[in-house]
Every structure is written in C-alpha cells, then in structure tokens.
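> Here you go, one structure.
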Amino acid sequence: MSMNSQGRPSTPVATGSQHDTETVSGSKGLYQFEPLIFETDRWGKTGVDLPKAKGTKSRLGGVERAGKAELPGLSEPETVRHYVRLSQRNYAIDLGLFPLGSCTMKHNPRLNEKMARLPGFADIHPMQPQASVQGALEMIDELATWLKTLTGMPAVAMSPKAGAHGELCGMLAIRQALISRGEADTRKRVLVPASAHGTNPATAAQCGFIVDEISADKRGRVDMEDLRAKLEKTDDVAGIMLTNPNTCGLFETDIKDIADLIHEAGGYFYCDGANFNAIVGRVRPGDLGIDAMHINLHKTFSTPHGGGGPGSGPTVLSEALAPFAPVPFILKDEDGFRLVEEAKESFGRMASFHGQMGMFVRALSYMLSHGADGLKQVAEDAVLNANYIQAKLKTVMTPAFDGFCMHEALFSDKFTAEGIETIDIAKALIDEGYHPMTMYFPLVVHGAMLIEPTETESKAELDRFCGALESVARRAAQGDDTLKGAPYLAPMKRLDETQAARKPALKWVPPAPEQLAAE
Numbered sequence: 000m001s002m003n004s005q006g007r008p009s010t011p012v013a014t015g016s017q018h019d020t021e022t023v024s025g026s027k028g029l030y031q032f033e034p035l036i037f038e039t040d041r042w043g044k045t046g047v048d049l050p051k052a053k054g055t056k057s058r059l060g061g062v063e064r065a066g067k068a069e070l071p072g073l074s075e076p077e078t079v080r081h082y083v084r085l086s087q088r089n090y091a092i093d094l095g096l097f098p099l100g101s102c103t104m105k106h107n108p109r110l111n112e113k114m115a116r117l118p119g120f121a122d123i124h125p126m127q128p129q130a131s132v133q134g135a136l137e138m139i140d141e142l143a144t145w146l147k148t149l150t151g152m153p154a155v156a157m158s159p160k161a162g163a164h165g166e167l168c169g170m171l172a173i174r175q176a177l178i179s180r181g182e183a184d185t186r187k188r189v190l191v192p193a194s195a196h197g198t199n200p201a202t203a204a205q206c207g208f209i210v211d212e213i214s215a216d217k218r219g220r221v222d223m224e225d226l227r228a229k230l231e232k233t234d235d236v237a238g239i240m241l242t243n244p245n246t247c248g249l250f251e252t253d254i255k256d257i258a259d260l261i262h263e264a265g266g267y268f269y270c271d272g273a274n275f276n277a278i279v280g281r282v283r284p285g286d287l288g289i290d291a292m293h294i295n296l297h298k299t300f301s302t303p304h305g306g307g308g309p310g311s312g313p314t315v316l317s318e319a320l321a322p323f324a325p326v327p328f329i330l331k332d333e334d335g336f337r338l339v340e341e342a343k344e345s346f347g348r349m350a351s352f353h354g355q356m357g358m359f360v361r362a363l364s365y366m367l368s369h370g371a372d373g374l375k376q377v378a379e380d381a382v383l384n385a386n387y388i389q390a391k392l393k394t395v396m397t398p399a400f401d402g403f404c405m406h407e408a409l410f411s412d413k414f415t416a417e418g419i420e421t422i423d424i425a426k427a428l429i430d431e432g433y434h435p436m437t438m439y440f441p442l443v444v445h446g447a448m449l450i451e452p453t454e455t456e457s458k459a460e461l462d463r464f465c466g467a468l469e470s471v472a473r474r475a476a477q478g479d480d481t482l483k484g485a486p487y488l489a490p491m492k493r494l495d496e497t498q499a500a501r502k503p504a505l506k507w508v509p510p511a512p513e514q515l516a517a518e
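Start counting the sequence shown at 0; every next residue gets the next number (numbering that gives the first Met the number 0).
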C-alpha cells in the first residue's frame, strides 16, 4: 500500500453504491492516482543523461557525498505531472467558497498582485539608502494613515508580521507602559474571555502575564458579573485581551462598559482585531476605549494568507500606549520620509526590518480601490452574507445563539442524530465540493460549526453552498450512517484518526534491499 494511503480505507465504507467504482489505473475521471514522488521512482533510474565532464576537477575539497543522494530519478514530464496532479487536489478560493470561520479567506483581486509586483516595490531591499526608497516609505506611511483613520487611533506599529505577532506587539507595549509606571511586578494578571482567539492567552503567557479566563454568558458574550468579580478589590490586573466581534460571531454589546471597568482598575484594553472585517468603516475601535489592536491585513484587506503565511499584523495604539510603540516608524520632515530607529520609551524592535512590503502594497491597493464608502460596504456585505447563511440553515441546523450574527454564523451539533458527529458533516461536505467549515471551535459551543462567507460571495454561490450543507445536515439529523465513511469522492479517503494520532507516518522510508531485489 502507498504511504500516501496509510491509515485510510482502501475502499469506501459504504457498499453497493456509485461511490464504490474502482479502476485499473487507480485514477477516476480527471482525478489522477498519484503516489509519493519517491514511490513513482524506480531505483537506479535517472531522468536525465549527461556525460561526465572532461578536464574538470572537483571543487568540493574532500567533502564529497559518501552515498547516493536518494533523490527520485524522474524525467521532466513525470516531474511536472506529479506536481500538477498534486495541485489538483488543493482547494482554493479560486475554486469555490471558503467557509472557514474566523479565518477570512476572501477573493484577492488580481490588481493587488499586479501592484505588488511593480519593480519599485518588489525589487527594493530593506538596506537600501532611505533616499532611494522614498516612494516605498510614502506608501507605508499612507497605509498607516488609512489604518489610523479607520480605527480612530493616533499611532500604528507597521512591523509586526502576522496576527499573533501583532498581539505580541500590543502586549509588549502594555508591559512597557506598566514598567514606566513602576507596576510591572504587581500587575501580572490578564483577563481573557472564553470566546477570545486561542492565541490571546498564549501571547499573554509569552509576555510573562498570568492568564485569568472570563466566562461567557448565555448570549455568547462576556459575562459581566464574572468580569466585575475578577476586578473587585484587586490591583493586579494588567489588562484584558478581548476579541470583538468575538469568535462566536457576535459583537460585544457591553464593550464600552468593559473598557471603563478595565481603565478604572488601572489596566489596559487589548482588542484582537482579526474580525475587523465585520466592522471596518462602521465602528472605530478607538471610540470604544481600546488601547491596542492588531489588524490582519491578510484578512480584512484581502491579501492572501494560509499555510502559515505570508501575513501582516500592524498594531494600532491609543494615546496612552503610543509612546511605547516599537521602532522603526516613519516620520516626514523637510528632507522627505525617514525611518526612526530609536525612541526613548519604545520597548524595542519587533522585526529586523520594516514589515511585509508585499502585504502593504496589496492592502493599500484594496483600500484605494474601494474608497471609504466601499470599505464600509465591505463590512455591511460580510455581515449580510453571514446572516443570510444563518437564516437559510437555521431550519435544519441549530444556531448556537439567538438573534443576528456579525461576520460568521455559528451552529452547534444539537440537530444531529445520535452517533453522528460534526466531523462526519465536515467530511461529507468535501464530497459536495467544498472545504469544510471550522469545526469544534469556539470551545464554548459543543460540536461547533463556524461559517464565514465574507463579503466576496454572491447570493447564487451562497445558495449553492447552503443547498449542499442543508442536504448533509438533513442526513445527519436522520442518522445516515454512510456519513461515517465520507468523503467517498475525494482522492484520499478518511484517515483512521486513532492510528494517525498514535502511529503517524510522517516520513518516507526507503524499502529494504531484499524488497527491492524481490521487485
């Protein structure tokens, strides 16, 4: 059996159906069977035939390889076909709706890519003389102005390279502010709501704070009584890390009161801005009493992300935290734009250089294309699309909370029959041609299914997606056991998850010599 199939059934679980069709080649229609590249190879084979060079001497200085390179010996057509076939197994935003909740994957206009590839942006080097990159510095400064305007904040750190990096920036600024007040040793507790993003408590701990969780109420929002109890008769609170709109897809309606309570207790308010997509152009976080908030350019402003990057997480800061912003930052004087590399109260640097240039260009292109009114419509359409999905599916699925949602619709598994789990629904959705939604998150909802359509999907595409998910949900409610074997139509079948967890096959191991001899 190919390593690529280890832990997966060799035939579908359901029998006697159209899904059972096997072929001699292993391929099915345009889906080509494709083993690992090492398994495609045959030992002793080579894809090229080059004569040994004459009249040359080794330049390796005695460090020649002792054994074979153990690289696959494939021809150019075989190599190209291998990677093209693998690419056909990938789901992409250019193929269909990406329903992952709280991980906005929306259409990235090709204009953004064209702008990012302009020589003046793509070919510059961070160590060039500043006089030779005035246009690039002006572009970063203009983007910073947009971010400060949209958030109502006086300062922004542009160098953080991802959302979690932006969180770190905000919390380091808070820590530096506490140091300047002489309270860094006494204010060690950070409050984190149960509905916050998972990176929030990790970031607080990374900065040396003690994490104290705040419960969620029945509405899926911060339990105000629990918050007040955590703040009562204590002066050890450094601040709060709150996601708004939160990971349940809900706006924290008590956010102003939360900010007042935190500030009265002497703490700072950090807001996770990953879901800014839902309120951009509609609400300015600075008006809500927020002291620091990172912004995912690769989510709110369309630049591509996934697979660990690239990302960009500029962090806006309030007047109280602005003096502690990291360096470098850009200033304009009579000589033009320049980078300030040192600042008396700054906590230091977040990165070696100045941020993610390609992400900056794409984000500013997106902003200028939409304009202020267009960015407002982005939020309105994102919220409209999510509520449309919730309304279409609430008759067959169970919304986690009553009322309208913001940018994402959250469902629980209460509608499913006994024995059917969230993962079965997600796997069956693959057979319908869609990447699954976010599963089992947030943890405050049992069997959670979190769906975020973004504003870039049309009503026709939303209807098509809802029709597919509704069909799967009805089967789940009826206890259809064939869901346990999905997906049937994907190139790879479902993993044996117990085996995959306990005995993961993560590395290709060459066959033993005796096995090769037998072949």
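C-beta atoms are modelled at their ideal positions from N, C-alpha and C, and glycine is treated no differently. Bear in mind the structure is a predicted one, so any value in this text is a computation, not a measurement.
Looking at Ala258: is its Cβ nearer than 8 angstroms to the Cβ of Pro153?
no
> Could you say which of Cys465, Ile173 and Leu505 lies nearest to Pro452 if we only look at CA atoms?
Pro452 has its Cα closest to that of Cys465, out of Cys465, Ile173 and Leu505.
> Here's the rule I'm using: 16 or more other beta-carbon atoms within 10 Å means buried, otherwise exposed. How should Lys53 be labelled?
Around the beta-carbon of Lys53, fewer than 16 other beta-carbon atoms lie within 10 Å, marking it exposed.
> Drop a sphere of 10 angstroms on the beta-carbon of Ala273, count the other beta-carbons inside from all chains shown, and report buried for 16 or more, exposed for fewer.
That one is buried.
> Distance check for Met114 and Val360, CA to CA, integer angstroms please.
7 angstroms
> Below 8 angstroms on the Cβ atoms is my contact criterion, and I expect Arg281 with Ala378 to pass it. Report the Cβ-Cβ distance as a whole number of Å.
Yes, they are in contact, since the Cβ atoms of Arg281 and Ala378 sit about 5 angstroms apart, within 8 angstroms.
> State the Cα-Cα distance for the pair Arg474 and Leu392, rounded to the nearest angstrom.
A direct Cα-to-Cα measurement between Arg474 and Leu392 gives close to 14 angstroms.
> Please report the distance separating the alpha-carbon of Val12 from that of Pro34.
Because Val12 carries a pLDDT of 43, less than 50, the predicted location of this residue cannot be relied on, and the following value inherits that uncertainty. In this model, Val12 and Pro34 are separated by some 22 angstroms (Cα to Cα).
> Can you give the Cα-Cα distance for Ala499 and Met436, rounded to whole angstroms?
22 angstroms
> Whole angstroms are fine: how far does the CA of Leu99 sit from the CA of Ile450?
6 angstroms
> Can you give the beta carbon distance from Gly288 to Leu249, rounded, assuming they're within the 8 angstroms contact cut?
Not a contact, Cβ separation roughly 19 angstroms.
> In the DSSP assignment, the alpha helix (DSSP H) including Thr252 goes from what residue to what residue?
Taken as a continuous stretch (DSSP letters only), Thr252 belongs to no alpha helix (DSSP H), as it is neither H nor E.
> For Gly169, which of helix, strand or coil comes out of DSSP?
helix
> Taking the alpha-carbon positions, what's the Ala511 to Asp495 distance?
Going from the Cα of Ala511 to the Cα of Asp495 covers about 26 angstroms.
> Just to confirm, is the Cβ distance from Ser158 to Met349 under 8 angstroms?
yes
> Shortest alpha-carbon distance to Glu340 belongs to which of Asp271, Pro325, Tyr30 and Asp222?
Pro325
> Touching or not, the segment 418-430 and the segment 481-489, by the rule of three or more beta carbon pairs under 8 angstroms?
yes
> Between Phe403, Tyr433, Ala447 and Arg188, which has its C-alpha nearest Phe268's C-alpha?
Arg188
> Can the beta-carbon of Lys160 be found less than 8 angstroms from the beta-carbon of Ser311?
Yes.
> What residue range is occupied by the uninterrupted beta strand (DSSP E) comprising Leu136?
Where Leu136 is concerned, there is no enclosing beta strand (DSSP E), although the alpha helix (DSSP H) it sits in stretches over Gln133 to Thr150.
> For Ser368 and Gly418, what's the separation of their Cα atoms in angstroms?
49 angstroms
> Please report how far the alpha carbon of Met0 lies from the alpha carbon of Lys506, in whole angstroms.
For Met0, the predicted structure reports a pLDDT of 43, less than 50, and the residue's modelled location is therefore unreliable. The matter cannot be settled from this model.
> Who are Val83's beta bridge partners in DSSP?
DSSP lists no partner for Val83.
> According to DSSP, which residues form a beta bridge with Thr437?
Bridge partners of Thr437: Leu449.
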